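Asker: Just so you know, the sequences run in chain order U and S. Residues in the first sequence are numbered consecutively from 124, following the working numbering. Residues in the second sequence are numbered consecutively from 124, following the working numbering.
There are 2 protein chains.
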Amino acid sequence: VPQLRKDPILARRVIIATQRAKRPSHFGSRGNADPATSCPFCENNEDMTPPEILAYRPSGSSAQQAGWTLRVVPNKFPAVTREEDFAPYTEGMYQYASSVGAHEVIIETPRHETNMAALGEGEVAGVLSAYRERVLALKEDRRFRSVLIFKNHGPEAGATIEHTHSQLIALPIVPVNVSEELKGARHHYETYERCVYCDLVRHEASTKTRLVSEHDAFVVLCPFAPRFPFETWILPKKHSAYFEHISQREIVDLAATLRETLGLLNRTLREPPLNYVIHSMPLHEAQTAHYHWHIEIMPKLTQIAGFELGTGFYINPLPPERATALLRAHMI
Amino acid sequence: VPQLRKDPILARRVIIATQRAKRPSHFGSRGNADPATSCPFCENNEDMTPPEILAYRPSGSSAQQAGWTLRVVPNKFPAVTREEDFAPYTEGMYQYASSVGAHEVIIETPRHETNMAALGEGEVAGVLSAYRERVLALKEDRRFRSVLIFKNHGPEAGATIEHTHSQLIALPIVPVNVSEELKGARHHYETYERCVYCDLVRHEASTKTRLVSEHDAFVVLCPFAPRFPFETWILPKKHSAYFEHISQREIVDLAATLRETLGLLNRTLREPPLNYVIHSMPLHEAQTAHYHWHIEIMPKLTQIAGFELGTGFYINPLPPERATALLRAHMI
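#1: Going along chain U, which residues have a C-beta under 9 Å from I139 of chain S?
#2: So, with DSSP's three-state summary, where would you put L441 of chain S?
#3: According to DSSP, what are the bridge partners of W91 of chain U?
#4: Can you tell me whether E367 of chain U is buried or exposed? The criterion is at least 16 other CB atoms within 10 Å of its CB, across all chains shown.
#5: Measure the CB-CB distance between F351 of chain S and T380 of chain S and report whether it falls below 8 Å.
#6: Taking 7 Å as the limit between beta carbons, can you name the residues of its chain near C345 of chain U, skipping five residues before and five after?
#7: Whole-angstrom Cβ separation of Q290 of chain S and E227 of chain S, contact assumed at under 8 Å?
#8: Below 8 Å on the Cβ atoms is my guess for R384 of chain S versus I357 of chain S; work out the distance and round it to an integer in Å.
#9: If you measure between the beta carbons of R136 of chain S and F436 of chain U, is that distance less than 8 Å?
#10: Check whether the Cβ atoms of F209 of chain S and V223 of chain S sit closer than 8 Å, and answer yes or no.
#11: Residues of the segment 256-278 of chain S with a CB closer than 7 Å to any CB of chain U: list them in chain order, please.
#12: I'd like to confirm the pairing. Which residues does DSSP put opposite S336 of chain U in its beta bridges?
#13: Between S:P395, S:F430, S:A409 and S:V400, which lies nearest to H402 of chain U when the distance is taken from Cα to Cα?
#14: Any beta carbon of chain U sitting closer than 8 Å to that of Q426 of chain S?
#15: Alpha carbon to alpha carbon, how far is Y254 of chain S from T287 of chain S? Give it in angstroms, no decimals.
#16: Alpha carbon to alpha carbon, what distance is there between L406 of chain S and V297 of chain S?
#17: With DSSP collapsed to three states, give me the class of D322 of chain U.
#18: Please confirm whether R143 of chain U and F347 of chain S have their CB atoms less than 8 Å apart.
#19: At a Cβ cut of 8 Å, what residues of the segment 372-396 of chain U count as close to chain S, listed as they run along the chain?
#20: Got a sec: is the Cβ-Cβ distance from L133 of chain U to anything in chain S below 8 Å?
#21: Determine, for T330 of chain U, whether the minimum Cβ-Cβ distance to residues of chain S falls below 8 Å.
#22: By Cβ distance below 6 Å, which residues in the same chain neighbour R205 of chain U in space, the five residues on each side in sequence not counted?
#23: Taking only beta-carbon positions, decide if P405 of chain S is within less than 8 Å of chain U.
#24: Beta-carbon within less than 8 Å of H311 of chain U's beta-carbon, same chain only, minus the 5 sequence neighbours each way: which residues are those?
#25: Give every residue of the same chain whose Cβ lies closer than 7 Å to the Cβ of I176 of chain U, excluding the five residues on either side of it in the sequence, and list them in chain order.
#26: Just to confirm before moving on: does the CB-CB distance between Y399 of chain S and I427 of chain S stay below 8 Å?
#27: Identify the contact partners of K129 of chain U in chain S, using a Cβ-Cβ distance below 9 Å as the criterion.
#28: Can you tell which of U:Q371, U:M171, U:I138 and U:T232 has its C-alpha closest to the C-alpha of Y219 of chain U?
#29: Who are the near neighbours of K360 of chain S in its chain, counting only those whose CB is closer than 7 Å to its CB and skipping five residues on each side?
#30: Can you grab the Cα-Cα spacing for the pair E303 of chain U / R257 of chain S, in whole Å?
#31: Counting only beta-carbon atoms, is Y217 of chain S nearer than 8 Å to chain U?
#32: May I ask you to list the residues that DSSP assigns as paired with S118 of chain S?
#33: Alpha carbon to alpha carbon, how far is K306 of chain S from P173 of chain S?
#34: On the DSSP bridge list, what partners appear for Q126 of chain S?
#35: Anything in the segment 409-433 of chain S with a Cβ closer than 7 Å to a Cβ of chain U? List those residues in chain order, please.
#36: R451 of chain S: which of S:N389, S:A248 and S:A409 sits nearest, CA to CA?
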């Protein structure tokens, strides 16, 4: 059973998940394995994953069979499991809990694509719809207080499977990074009576030095204080705290925006490994005026090293104004 | 000029240091370069570094010449520079400052050793003495509020030079990770009137399930909630807030402890890439009863990925009790 352990000094928690040590690596095209027989996310290999939670497939086709365009399955090597309850324990001065939660994998296409940018706009829109649908479903389970949606692309960014996919983890607590962000946003709101992200969108859209692109409902920008070279954020122009409240029309625009942005990064950096994370409000909050959901995309070009681990600060050799110019130069 | 930029929402700061993009990689033995002519940290290549700040060398030998056993030099590609003042600026809603500071490199030996464990105990003691000496000297400059001492070993852990070395960065502010740790320790002290690290040392030394080794003045343990597999901490048994107050006798014991611990990790994990960070009190604090300096050693075996970046939580497949048993089994 995975354990959620609390650091005795910090708000930091660690999930001790021994299951995950058993993960095999599925980077077929870097070795000799044939994806058609060895990739657990390819069509016709449905029996290599646990039974699907959600699938987009034509009516008439059966679960766990070919024919789907997108599948969501439980992570086979989960960091948290839904069967457990959140039961707290102590060991002397320490606290831990059985780590109830959900850990799901969104398989973005039946084809063996190794880069999300290779998907069509309709496929990317399907991925975003699946994110929304799963968050709304998990929200019904009142044990969960937050859901994190993220992508690890490439082994350097922590992926063990090359077939393009994303992940989702639901947790019974609000993670420290999320609560710190909420606290900072609330502080700005209490000071200025405005959402800090709305301010930021307005500022960047008018000064333009860090504005990568502007779409109907979204802006793409390099943030003022990026941790990593080419860190890029996508924000909705309209104030909205919950990602899962996104409309179908916005999903279509976000799909175009995300696909274009990943393409820009691929052309500028030759298909870099990367992570993205959707930052959204914890599940059941009443006050929503101060927070604004967004996506943070982080190419993995440098290593987090002693300085970052010790300080929580980051050293970044590339000013975001320069990153913006380089990305813009690769716009088609 | 490097800039210290503040995130508009979080306590996180980022140093934008364009200089650092120019760093060449010096992993000679993985390529074909001969360290004798290409390694900037080898004896006889003193002119490849900026002039030394400190050197241990026999009387009669001259600065920037061979004969030394240890050198401290300014980082040639610094993240912060001592010439600047800490001048704050604003750009619209954003804040930044010129990033005054010191960024120094401790060259641990004149020989081309690529692993600190290959140094003799006397050499490691010299490295620790140099750390102490430099912190005490930088403490005289009242612009600095904290000094971070750390090691990046191996390219996967962020090193660009293989010749064994450590680094030190002095900053005009207290980094968020340091202030969070102080806050947690103060909370424990206010609740129990005891130092949390003293409690932790007592608990681990008596239960022994996470105790790797015990020396005269130090204990080595795997922490209860480790972020990374084989994360290992070294703590002084006696309460002490400031690393730089270490005695000569303690330095000798710490050198033996650190060398043995790195050797254990090397034998257990085949010379893993790793980072270590010395956690010590900010420079000029009056209250010291609640804080306790220590070293955190973090082998780099897994990647920080989307989940960690999004939550600030960590997924670790290896329980520290198991890591402890594996390390102990490699004790000579």
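Every residue, glycine too, gets a C-beta built ideally from N, C-alpha and C. Source: prediction; values computed, not measured.
Answerer: The answer reads as follows:
#1: One finds A348, P349, I438, N439, P440, L441, P442 and P443 in chain U with Cβ atoms closer than 9 Å to the Cβ of I139 of chain S, taken in chain order.
#2: Looking at L441 of chain S - three-state DSSP - the assignment turns out to be coil, as it is neither helix nor strand.
#3: Residue 91 of chain U falls outside the range modelled here, since chain U spans only 124 to 455, and no answer is possible.
#4: Buried, by the Cβ-count rule.
#5: No, the pair does not count as a contact, with Cβ atoms beyond the cut-off.
#6: Closer than 7 Å at Cβ, skipping near neighbours: R333, V335, E354, T355, P443, A446 and T447.
#7: Right, their Cβ atoms sit about 7 Å apart.
#8: Sequence inspection shows Thr at residue 384 of chain S; the Arg mentioned does not correspond to that position. With a Cβ gap of about 6 Å, T384 of chain S and I357 of chain S count as contacting.
#9: Yes, these two residues count as a Cβ contact at 8 Å.
#10: Cβ atoms of F209 of chain S and V223 of chain S: closer than 8 Å.
#11: Listed by position along the chain: L271, F273, K274 and N275.
#12: DSSP, once it has assigned bridges, lists U:V343 as partnering S336 of chain U.
#13: Looking at the Cα atoms, S:F430 is the closest of the given residues.
#14: Answer yes: the Cβ-Cβ gap between Q426 of chain S and chain U drops below 8 Å somewhere.
#15: Roughly 15 Å separates the two Cα atoms.
#16: Cα to Cα, the separation comes out at about 9 Å.
#17: Helix.
#18: Between R143 of chain U and F347 of chain S, the gap from beta carbon to beta carbon reaches 8 Å or more.
#19: Flagged: no residues at all.
#20: Chain S contact via Cβ: present.
#21: Chain S contact via Cβ: present.
#22: Excluding its 5 nearest sequence neighbours in each direction, R205 of chain U has C-beta neighbours in its own chain below 6 Å: A225, listed in chain order.
#23: Output row for P405 of chain S: interface = no.
#24: Excluding positions up to five away in sequence, the list reads R317, C318, V319, D322 and H413.
#25: Excluding positions up to five away in sequence, the list reads V195, V196, P197 and E227.
#26: Here Y399 of chain S is not near I427 of chain S, since their CB atoms are 8 Å or more apart.
#27: For K129 of chain U, the chain S residues whose Cβ falls inside 9 Å of its Cβ are F347 and A348, in order along the chain.
#28: Of U:Q371, U:M171, U:I138 and U:T232, the residue nearest in Cα terms is U:I138.
#29: If we look at K360 of chain S and ignore the five residues flanking it on each side, its Cβ neighbours are V324, A340, F341 and V342.
#30: Between the C-alpha atoms of E303 of chain U and R257 of chain S there is a straight-line separation of about 34 Å.
#31: So yes, Y217 of chain S belongs to the interface.
#32: Absent from the model: residue 118 of chain S. The displayed extent of chain S is 124 to 455, so no value can be given.
#33: Roughly 38 Å separates the two Cα atoms.
#34: Answer is S:I139 and S:S221.
#35: So the list reads M421, Q426, I427, A428, G429, F430, L432 and G433, given in the order they occur along the chain.
#36: With respect to the C-alpha of R451 of chain S, the residue from S:N389, S:A248 and S:A409 having the closest C-alpha is S:N389.
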